[in-house]
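So the sequence lines, in the order shown, correspond to chains S and W. Going by my numbering, 388 is the number at position 388 of the first sequence; the sequence numbering is gapless. Going by my numbering, 552 is the number at position 116 of the second sequence; the sequence numbering is gapless. Every residue gets a Cβ at the ideal spot worked out from N, C-alpha and C, and that includes glycine. What you are looking at is a predicted structure, and each value in this text was computed from that prediction instead of being measured.
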Amino acid sequence: MRKKYLVLILLGGLGFAVGCSSGGTTPAGIPSGGSTSANVLAIAVDGGPTANQTGGFIYPNGVFATATICHPGSSSNCVNVDHLLVDTGSVGLRILQSEVSSLGLPTVNASNGSAAYDCTSFVDGSYVWGPVESANVTLAGENTGNIPIQVISSSPANIPTSCSNGGVNDNTQSSLGANGILGVGLEPFDCGEACDPSTAESSIPPSGAYYTCSNSGCTPAFASCGAECNDSSSVQQVTHPVVMFPLDNNGVIVELPSVSGSAATVTGSLVFGIGTETNNQLTSTTNVFTVACDFFNTSFEGQAFNIDPNSCTGPGSFIDSGSNGLFFYDVNNVLPPCPASPTAAAAFYCPSSLMSLSATVQDPNNSSITEVVNFSINNAQTLLSSTNAAFSTLGGPVLAGQGFDWGLPFFYGRNVYVAIDGQTVPTPAPSPWWAF
Amino acid sequence: MKLFFRRSISFTAFMTLGIVWAGLSSPALAALGGDVASVAADQAHMKANVEVKQAGGYEVHALRAPGGTVVSEYVSPSGRVFAVAWHGPFFPEMQQILGSYFQQYSAALQERKPYGHRPLNLEQPGLVVQSGGHMRAYYGRAYIPEMLPQGLKVEEIK
């Protein structure tokens, strides 16, 4: 796929030392809980930013982290943004406008020279929309230099229908359930070559990604992914923060402890880099699964949910910390769905008691690489009637013909490695891959 | 026989498209539930390359948009689109491919419960929409259950 390269430092670096806390001015209050190394970011399943508010909702199985966002070139014009959803299923940093408006972040232009707007679609029909802006981001002790992020507009206008697609705009904390999304998935950019004019296969920009806007509306636009896309322009696409670190930039490890059923809150770590420090090595029992079209294979109850690497048709299966349950098709009907709304448990499974199940995952590019994954599903109505936030046995149905979505319950009690496409990794298998 | 069928579809589509554009103030929306001419409208809107395949009793028109997303439109022998499927790095334009079913789909999306992202499973009378995957890797299908040909499994719509 992509040529490998080792990322060196900083787009437009302005002498900003790695880690806001080394020399210079320390921005207000970098949280230190659980974060003892520069490449370790504390993460928590704590119910989300609304959990403790009057009338607020608990976000079940949402895992969150804090980032320090600075105006490019400043070490004092900064804010800490807490409760960013740690999402291995997406790429790039997206933050509610209300969280960063005080910084006055500069606009990033699209390839045509006009201000770039980004659209992010989620499969449940929600979306976020807003301008691409340049920010200097610090996560634990790692700094990105100046990178494009998406600011989620609080008062958007002219959202094109190719972005909204009839869905729900998650541009408030109460709708999104978070202050933003920290996408740390498999790819270095949220779009990549298809959105870069140097590498796109068409002279027409694809719709659903980047736009530029005028009084008459917003139309699809190209945006550069820089050197990796053979584009001499600076990077304009929303970028995976980790690839912009000077070190520890080839992937992440999500480390969450086991949860026996449910827990009030759970804390863990997002470790940066794979095989680059003593704290991010692969172990002798870690299995590496490469992906095809960013999916891999799962078989369950005798059915295959596999990706065809040639046609990219599936349905493929995937690992995703941004999904808050295990979502899969149950052909044997051993798991009854919960009663329909208005309960919070609608769209989950409601067996009468704990069900122990087993699936097999497989590398789609090497059929001999397989692993049995045991999991359990319990009654979601019972689980969600508590005030807990973490649930290892929360699962839900999808219809026949949909792939297996290994959401956050998969992560409890595992170290899950996510190796970023195009980065150098210490394995025979080239990135992108998942390992656990 | 096959070649003749395909040529006559193109001719019909071209003529119908001309009539439709002349008669409406906005481009004709397609395609689920629409006739095969609406597939041509989709192709024009998406600026897509199209490939037509014959399968057991129905045709599959695969439209590949510039960004790489493929939308497959399943056409019955009577010329109606009974299913659409998509896969690729970009979310398809749902208003275009769902046509008159878009309002029903959009209304169902507003019922989303907080919080948490998960695959979409919309199963309503007369319309099923599934949407899964993640950023840069989307897939899904929408179909009219009562119009599915005998023996066609849902999993084959992709």
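Neighbour flag for residue i against chain W, beta carbons, 8 Å
i      : result
G29/S  : Unreliable positioning characterises G29/S in this predicted model, as indicated by a pLDDT of 35, which lies under 50. The coordinate reading is nonetheless provided below. Chain W, which has no Cβ nearer than 8 Å to the Cβ of G29/S, makes this no.
Q53/S  : no
A115/S : no
F289/S : no
N171/S : no
C218/S : no
F436/S : no
C350/S : no
T393/S : no
V398/S : yes
C293/S : yes
Y210/S : no
N165/S : yes
F57/S  : yes
Same chain, Cβ closer than 6 Å to residue i, five either side skipped, listed in chain order
i      : result
F348/S : C338, A380 and G396
S299/S : T360
A544/W : L558
P31/S  : Its pLDDT being 38, under 50, P31/S is placed unreliably in this model, and the value from its coordinates should be taken loosely. The answer, listed in chain order, is T66.
N114/S : Note that residue 114/S is Ser in the sequence shown, not Asn. Once the five neighbours on either side are set aside, the close Cβ partners of S114/S are T212.
N230/S : S198
K594/W : A521
V517/W : A467, L468, G470, E509 and V511
I369/S : D363
Cβ-based neighbour list, residue i, same chain, cut-off 7 Å, excluding 5 preceding and 5 following
i      : result
L186/S : V291, D294, V418, I420, D421 and P432
S207/S : S162 and P220
P528/W : T505, V507 and W522
V252/S : V184, V242, L270, V271, F272 and V418
Rounded separation between residue i and residue j - CA only
i      : j      : result
A484/W : A477/W : 10 Å
G316/S : W406/S : 11 Å
S153/S : L182/S : 17 Å
S536/W : G401/S : 24 Å
S134/S : I43/S  : 24 Å
E591/W : L384/S : 32 Å
A390/S : V184/S : 21 Å
D363/S : P106/S : 42 Å
G23/S  : P409/S : The pLDDT assigned to G23/S is 35, lower than 50, so where the model puts this residue is not dependable; a value taken from the coordinates is nonetheless given after this. If you take the alpha carbons of G23/S and P409/S, they lie about 40 Å apart.
Q546/W : G322/S : 20 Å
Y575/W : N297/S : 15 Å
S512/W : G552/W : 37 Å
S234/S : N310/S : 32 Å
S164/S : E277/S : 42 Å
G587/W : G492/W : 9 Å
T138/S : N279/S : 19 Å
V266/S : E255/S : 11 Å
G47/S  : I204/S : 42 Å
P148/S : S260/S : 39 Å
A157/S : Q236/S : 22 Å
Chain S contact for residue i (CB, 8 Å cutoff)
i      : result
V496/W : no
P463/W : Unreliable placement is indicated for P463/W, whose pLDDT of 37 sits below 50; the coordinate value is still reported in the next sentence. No, because no Cβ of chain S sits closer than 8 Å to the Cβ of P463/W.
P585/W : no
S542/W : yes
A578/W : no
Y551/W : yes
L499/W : no
K489/W : no
K594/W : yes
V590/W : yes
F518/W : no
A573/W : yes
E559/W : yes
Cβ-Cβ distance between residue i and residue j below 8 Å
i      : j      : result
S39/S  : G104/S : Per the sequence shown, residue 39/S should be read as Asn rather than Ser. Cβ atoms of N39/S and G104/S: not closer than 8 Å.
N80/S  : Y127/S : no
D124/S : L556/W : yes
V271/S : A435/S : no
A467/W : I533/W : yes
Q531/W : G166/S : yes
I377/S : L399/S : no
N249/S : V238/S : no
N146/S : L394/S : no
Q566/W : R577/W : yes
T313/S : Q173/S : no
V100/S : I69/S  : yes
Cβ shell of residue i (< 8 Å), same chain only, five flanking positions each side left out
i      : result
K438/W : Per-residue confidence for K438/W stands at a pLDDT of 33, beneath the threshold of 50, marking its modelled position as unreliable; no derived number is given.
L84/S  : F64, A65, T66, A67, L93, I95, A178, N179, G180, I181 and L182
T448/W : Unreliable placement is indicated for T448/W, whose pLDDT of 38 sits below 50; the coordinate value is still reported in the next sentence. Counting only Cβ-Cβ distances below 8 Å, and skipping sequence neighbours, we find V472 and A473.
E487/W : H497, A498 and R500
**Message:** Any contact between the segment 566-584 of chain W and the segment 82-92 of chain S? By contact I mean 3 or more CB pairs, one from each, below 8 Å.
**Reply:** By the criterion of at least three beta-carbon pairs nearer than 8 Å, the segment 566-584 of chain W is in contact with the segment 82-92 of chain S.
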